[in-house]
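Heads up: the structure comes next, in structure tokens.
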Amino acid sequence: MTGMGDRILGLFLLVVAVAYGWVAQQWPEPFGGAEGVGPETFPTILAIVLVVGSLYLMIKPDADAKWPVGKSALELVISIIVLVVYALLLEPLGFIISTTLVIGVLSWRMGAPLKQAFVTGLISAVVVFGLFNYGLSLSLPDGLLGGF
Amino acid sequence: METIGFLMDGFAVALTPYNLMFALFGAFAGSLIGCLPGLGPANGVAILIPLAFALGLPPETAMILLTSVYVGAMYGGRISSILLNIPGDEPAMMTCLDGYPMAQQGRAADALAISAIASFAGGLIGTIGLIILAPVLARFALTFGPVEYFALFVLAFATLGGITGKNPMKTVIAAALGIMISTVGIDISTGTQRYTAGVLELYEGIDFILAIVGLFAISELLFFVEARMGKGRSKVKVGKLTLSFKEIVSTIPTQLRGGVLGFMAGVLPGAGASLGSFISYTLEKTVLGKKGRFGEGDIRGVVAPEAGNNGAASGALVPMLTLGVPGSGTTAVLLAMLISLNITPGPLMFTQNAEIVWGVIAALLIGNVLLLILNIPMISVFVRLLSVPPMYLLPIVTMVAFVGIYSISHSTFDLYFMIVFGVGGFILRKLEIPMVPIILGLLLGPEMEKNLGHALILSDGDWMTLWSSPLAIGLWLVAGLGLVLPTLVGPILRRRMRSAIKEGPVSD
Chain A
2 MTGMGDRILG LFLLVVAVAY GWVAQQWPEP FGGAEGVGPE TFPTILAIVL VVGSLYLMIK
62 PDADAKWPVG KSALELVISI IVLVVYALLL EPLGFIISTT LVIGVLSWRM GAPLKQAFVT
122 GLISAVVVFG LFNYGLSLSL PDGLLGGF
Chain B
9 METIGFLMDG FAVALTPYNL MFALFGAFAG SLIGCLPGLG PANGVAILIP LAFALGLPPE
69 TAMILLTSVY VGAMYGGRIS SILLNIPGDE PAMMTCLDGY PMAQQGRAAD ALAISAIASF
129 AGGLIGTIGL IILAPVLARF ALTFGPVEYF ALFVLAFATL GGITGKNPMK TVIAAALGIM
189 ISTVGIDIST GTQRYTAGVL ELYEGIDFIL AIVGLFAISE LLFFVEARMG KGRSKVKVGK
249 LTLSFKEIVS TIPTQLRGGV LGFMAGVLPG AGASLGSFIS YTLEKTVLGK KGRFGEGDIR
309 GVVAPEAGNN GAASGALVPM LTLGVPGSGT TAVLLAMLIS LNITPGPLMF TQNAEIVWGV
369 IAALLIGNVL LLILNIPMIS VFVRLLSVPP MYLLPIVTMV AFVGIYSISH STFDLYFMIV
429 FGVGGFILRK LEIPMVPIIL GLLLGPEMEK NLGHALILSD GDWMTLWSSP LAIGLWLVAG
489 LGLVLPTLVG PILRRRMRSA IKEGPVSD
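In structure tokens form, the structure reads like this:
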């Protein structure tokens, strides 16, 4: 069956729309009573619009996009993990170490030779750190290198 | 005459050494961003917003910086069109048609130079149009009440997919999603907590800057990873400049036509820079007919789309500055900057924040001059940067996005949110759900709700008020057309654009 992507998205959005609309109906009436527009009016309209849109998607889906499979999909997952790890390590390890690692890994996975990838990472990390901390006085975390 | 006085004040703002320095930096960074395939003006401006914010730049300086990046990216887009036959951004698509053949014939330097001149002409014409039209429109917009504003917002969403948009329903879905995200947080008028699930970080709502950077910068990285284009492509050698003065003069009519058409396409809702460059290229082909060698490296085939897209870039600022309703992705991102600087966009800006509006307009003029100067002698610098492969550049760009977001709040919570938006954006883009309506929904959602509320309070809860004035009915009609027309005209226009591109020797 073609158009699976759009159908799944439609189903997902339908669930989101119904949940969103339902939650809106649960809010207590604001103090003093609502005059025409309460906090739930606008969300209710949005929920209806999205329900219509998602039904349309399920009934008349577009042709499927080409989804990454195999190695491309793996590379994507790796990149997303690297980004999450970056956010995780930024403060404990400090900007320079974590950035060197992250840019190194990303460049390497995108096809750069290992050594050049990490050298690029180190140089750009040091340059940006210097620029931000001394040039623009926005402090980036020192982390492990904080003792110097 | 009043306008001239304001413009002079604008120049006084834009010409201070501090602002001029930022304009120069913005123009340079913009050209660079524009010429990298995959990074367009919207990405460029998006990445720099958190930085401008974190640096605590004064509002006019921040806006001057970002406008220069915007114009610079429009200039830069042509470089990779001509040298690599890949448009640096969407509006530069039409420049490939004659630009790349010219480069193959050893006239790359000429193509780059004449397109810089055409960009300048287009930008100048567009900015003059902006100076004339904007104050008039702003005065007219002062008559708008909440009803008209609500209809106008709907119109903005309806036409955002553009006349060439593929599936208008997907624009509607994207807009609804964006507005939904904007309703998270404490409701301003009643104090009700909406969709916060008790998470403290959500009380103030989701910061649209995070969303914008995630949707644009992070999803772009993921696209590159997926396509595995890390190594970049081979490019044509630039060679010597042989452009004669006579040749430049011969293209002046083309420049004028392109600039004016582009400006109009930019102002109109639903058209935008891509259509601007397409229309001016097609018109040029029709006007000159057999006299030209379009598609085989005709110099006017490079001039027309470049004048067109730079004219459109300035034109697109008209609705953004006067109505607070952007008509394109990049102007939506510029609007995000204004809102986060606590400036209410719209007609009042012309009286309350005149120094910002006119500073930006003056910066456009100065930016165009700077870019012309940057782009002719310094073209080799950009060309060299173009040969830095994406496998080094994109990780660095991603890092800059992280740094920008981190330095706003110094919280890693925001970084996770940005990654979520990036991954979500990637999936939605794969499903051809456009990003721009999501962003616009995030930005305009609160305003839309506020105006709806005001309108209904004024009418004592009577919903018919939304159709009560002729102006509002007119706006609703245009909005309706904006959704219906693409399904009728869109396929034809899209086919023409595609076949125009196929006619060019793209395959070799």
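So the sequences go chain by chain: A and B.
Whatever position you read off the first sequence (first residue = 1), add 1 for our numbering.
Whatever position you read off the second sequence (first residue = 1), add 8 for our numbering.
Every residue gets a Cβ at the ideal spot worked out from N, C-alpha and C, and that includes glycine.
Only a predicted model underlies this, so the values are computations on that prediction, with no experimental measurement involved.
Asked: Residue-level contact to chain A via CB, S415 (chain B), 8 angstroms cutoff; Found: yes
Asked: Where Q117 (chain A) falls: helix, strand or coil (DSSP); Found: helix
Asked: Cβ distance (whole Å) where A463 (chain B) is taken to contact L474 (chain B) below 8 angstroms; Found: 7 angstroms
Asked: C-alpha distance - L269 (chain B) paired with L283 (chain B), whole-angstrom precision; Found: 10 angstroms
Asked: Proximity below 8 angstroms, CB of I351 (chain B) to CB of G18 (chain B); Found: no
Asked: Distance between N134 (chain A) and L51 (chain A) (C-alpha atoms, nearest Å); Found: 46 angstroms
Asked: Proximity winner among A:A20, A:S108 and A:E41, relative to F119 (chain A) (alpha-carbon distances); Found: A:S108
Asked: Helix, strand or coil at Q201 (chain B) according to DSSP, with G and I counted as helix; Found: strand
Asked: Residues bridged to G193 (chain B) (per DSSP); Found: B:R202
Asked: Cα-Cα separation between T179 (chain B) and L439 (chain B), rounded to whole angstroms; Found: 12 angstroms
Asked: Contact list for the segment 139 to 159 of chain B against chain A, Cβ threshold 7 angstroms; Found: none
Asked: Contacts of Y26 (chain B) in chain A (Cβ-Cβ under 7 angstroms); Found: Residues of chain A passing the Cβ test: none, with the nearest at roughly 14 angstroms.
Asked: Three-state secondary structure assigned by DSSP to V38 (chain A); Found: strand
Asked: Backbone secondary structure at L525 (chain B) - three-state DSSP; Found: Because residue 525 (chain B) is not part of the residues shown, which for chain B are 9 to 516, the question remains open.
Asked: 8 angstroms contact criterion, which M443 (chain B) and G453 (chain B) should meet: CB distance rounded; Found: Rounded, the Cβ-Cβ distance is 15 angstroms, inconsistent with contact.
Asked: is_contact[A62 (chain B), chain A] using C-beta, thresh 8 angstroms; Found: yes
Asked: Under 8 angstroms by beta carbon: chain A residues contacting L460 (chain B); Found: V38, T42 and F43
Asked: Under 8 angstroms between C-beta atoms of T338 (chain B) and V53 (chain B); Found: yes
Asked: Close-in-space but distant-in-sequence residues of the same chain around A25 (chain A) (CB under 6 angstroms, 5 per side omitted); Found: E41, P44 and T45
Asked: Cutoff 6 angstroms; reference P334 (chain B); Cβ partners in own chain excluding five residues on either side; Found: M328, A340 and L343
Asked: Residue burial classification, W366 (chain B) (beta-carbon count within 10 angstroms, cutoff 16); Found: buried
Asked: Buried or exposed by the 16-neighbour rule on C-beta atoms within 10 Å, applied to I184 (chain B); Found: The sequence given here has Ala at residue 184 (chain B), not Ile. Flag for A184 (chain B) reads buried.
Asked: A149 (chain B) versus G354 (chain B): straight-line alpha-carbon distance, rounded; Found: 8 angstroms
Asked: Among B:G469, B:Q201, B:Y400 and B:M505, the one whose alpha carbon lies nearest that of K116 (chain A); Found: B:Y400
Asked: Exposure of I12 (chain B), with buried meaning 16 or more beta-carbon neighbours within 10 Å; Found: exposed
Asked: Identity of the residue in B:G469, B:M82, B:S467 and B:M102 nearest G303 (chain B) by Cα; Found: B:M102
Asked: Minimum Cβ-Cβ distance from T495 (chain B) to chain A less than 8 angstroms; Found: no
Asked: Proximal residues to D106 (chain B) (C-beta, below 6 angstroms), its chain only, five neighbours per side dropped; Found: G305, D306, G309 and V310
Asked: M177 (chain B) burial status per 10 Å Cβ neighbour count (16 or more: buried); Found: buried
Asked: Exposure label - A74 (chain A); buried when at least 16 CB within 10 Å; Found: exposed
Asked: Given G48 (chain B) as reference, the closest of B:S467, B:V79, B:A60 and B:E314 once Cα atoms are compared; Found: B:V79
Asked: Span separating the alpha-carbon of T191 (chain B) from that of F410 (chain B); Found: 25 angstroms
Asked: Meets three-Cβ-pair contact criterion under 8 angstroms: the segment 260 to 274 of chain B and the segment 126 to 136 of chain B; Found: yes
Asked: is_contact[S515 (chain B), chain A] using C-beta, thresh 8 angstroms; Found: Residue confidence is low: S515 (chain B) scores 32 on pLDDT, short of 50, so the model does not pin down where it sits. Its coordinate-derived value is still stated next. Not an interface residue.
Asked: Cα-Cα separation, I90 (chain B) to A70 (chain B); Found: 31 angstroms
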